[in-house]
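Under my numbering, think of the first position of the sequence shown as 16, with each following residue one higher.
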Amino acid sequence: MSVIEKVTVLGTGVLGAQIAFQTAYSGFEVTAYDISEEALDRARHTLDGLIQAYKADDVAGAADGKGEQALSRITLSADLGSAVADADLVIEAIPEVLELKRDTYRKLGELAPAETVFATNSSTLLPSDLKDATGRPDRFLALHFANKVWQYNTAEVMGTADTDPAVFDAVVSFAGEIGMVPIPVHKEKAGYVLNSLLVPFLNAAAALAAGGYADPHDVDKVWRIGTGAPVGPFQMYDIIGLNTPYNILSHGDAEAQKLAAWLKENYIDKGKLGISSGQGFYSYGK
Ligand code: NAD
16 MSVIEKVTVL GTGVLGAQIA FQTAYSGFEV TAYDISEEAL DRARHTLDGL IQAYKADDVA
76 GAADGKGEQA LSRITLSADL GSAVADADLV IEAIPEVLEL KRDTYRKLGE LAPAETVFAT
136 NSSTLLPSDL KDATGRPDRF LALHFANKVW QYNTAEVMGT ADTDPAVFDA VVSFAGEIGM
196 VPIPVHKEKA GYVLNSLLVP FLNAAAALAA GGYADPHDVD KVWRIGTGAP VGPFQMYDII
256 GLNTPYNILS HGDAEAQKLA AWLKENYIDK GKLGISSGQG FYSYGK
């Protein structure tokens with residue numbers, strides 16, 4: 016397929032704004048769509064915040080006005096039809112609600128040119144859950160970013176059995192062009208690569224502490240000393256925020272639900288949500 020030049024991002028929330036900004040920062044013309052003028056006002060605010068975040072994190076070029084230039088390459092729109100009218104790639108980052116996504120893909124399938132590629136940033140849905148709604152399963156796949164895309168710059172690329180290999184390769188190349196490290200995932204896998212590793216790891220740590228085998232700080236210590244890793248699993252809980260792992264565990268089996276209850280009673284109910292609340296498994300002096 017031909018190269019990707021024009022990109023539209025659907026949803027300008029946490030991830031959508033970051034994806035739009037990072038793509039524009041890399042020199043692409045970007046249209047960012049959201050459902051209302053209010054949402055676009057929030058997006059303007061979020062994008063201004065990203066200019067500052069890139070400066071604070073010393074991203075190359077940020078101090079020389081590259082963020083401001085990136086912003087000038089982003090067109091905000093609340094009109095889906097015109098937002099996707101000449102897009103080569105549409106990256107969808109709307110809320111993680113199956114029916115909302117399927118409904119959006121149905122509309123998108125009718126409005127976008129036949130050759131436009133669609134990519135979902137969904138964290139927990141498989142592209143197979145959405146592909147028939149797109150009307151173009153051969154031009155649809157997942158392109159999964161991590162929060163703080165400029166820093167945690169992996170982009171997991173995962174198609175379905177129907178995805179055209181040329182489309183897959185084009186999206187892998189595009190991910191590299193916007194400063195991501197593309198991680199091709201060759202078969203569909205819930206959780207992609209990162210969360211397939213991380214979720215069982217975090218659960219195992221919780222099981223050790225909740226079962227009374229070792230204290231959280233000692234679990235972290237043995238992991239850091241024994242493997243040379245910079246942080247242990249409970250430090251990771253604090254970085255992620257305890258609500259997300261709690262939500263995942265509370266939808267799991269009986270064992271997972273016990274761990275969810277342990278997290279809730281001992282930490283979440285006490286306002287210990289992680290770094291964002293100043294306290295989690297560690298205190299952060301806020
Ligand atoms: P968010 O709630 O911050 O943002 C969602 C945005 O979508 C909002 O601006 C909302 O107004 C907009 N929206 C709602 N309905 C819409 C529609 N029909 N069309 C277009 N826009 C619509 O959500 P988020 O955290 O950015 O997550 C978005 C997607 O990215 C989800 O699929 C999530 O799984 C995935 N994701 C999130 C993270 C994360 O850390 N937050 C990381 C990786 C992937």
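No residue lacks a Cβ here, since even glycine has one placed at the ideal position from N, Cα and C.
Note that the coordinates shown come from a computational prediction; the quantities given were computed from them, not determined experimentally.
Asked, Found
"Using DSSP with H/G/I as helix, E/B as strand and the rest coil, what is Ile-89?", "strand"
"Cβ of Thr-139 within 7 Å of any heavy atom in ligand 1?", "yes"
"Classify Gln-67 as buried or exposed, calling it buried when 16 or more other Cβ atoms lie within 10 Å of its own Cβ.", "exposed"
"Decide if the region 104–116 is in contact with the region 18–27; the criterion is three or more beta carbon pairs, one per stretch, under 8 Å apart.", "yes"
"Do Val-234 and Pro-245 come within 8 Å of each other at the CB atom, strictly closer than that value?", "no"
"DSSP state of Glu-114, grouped into three classes?", "helix"
"Name, in chain order, the residues that DSSP records as bridge partners for Val-22.", "Val-45, Leu-104"
"Say the cut is 7 Å; is the CB of Leu-25 nearer than that to a heavy atom of ligand 1?", "yes"
"Cβ of Asp-253 within 7 Å of any heavy atom in ligand 1?", "no"
"Touching or not, the region 85–94 and the region 107–125, by the rule of three or more beta carbon pairs under 8 Å?", "no"
"Return the first residue and the last residue of the alpha helix (DSSP H) that Phe-251 is part of.", "Going by the sequence as given, residue 251 is Met instead of Phe. Its alpha helix (DSSP H) spans residues 248–255."
"Assign His-159 to one of two classes, buried (16 or more other C-beta atoms within 10 Å of its C-beta) or exposed (fewer than that).", "buried"
"Output yes or no for whether 8 Å exceeds the beta carbon distance between Gln-37 and Val-164.", "yes"
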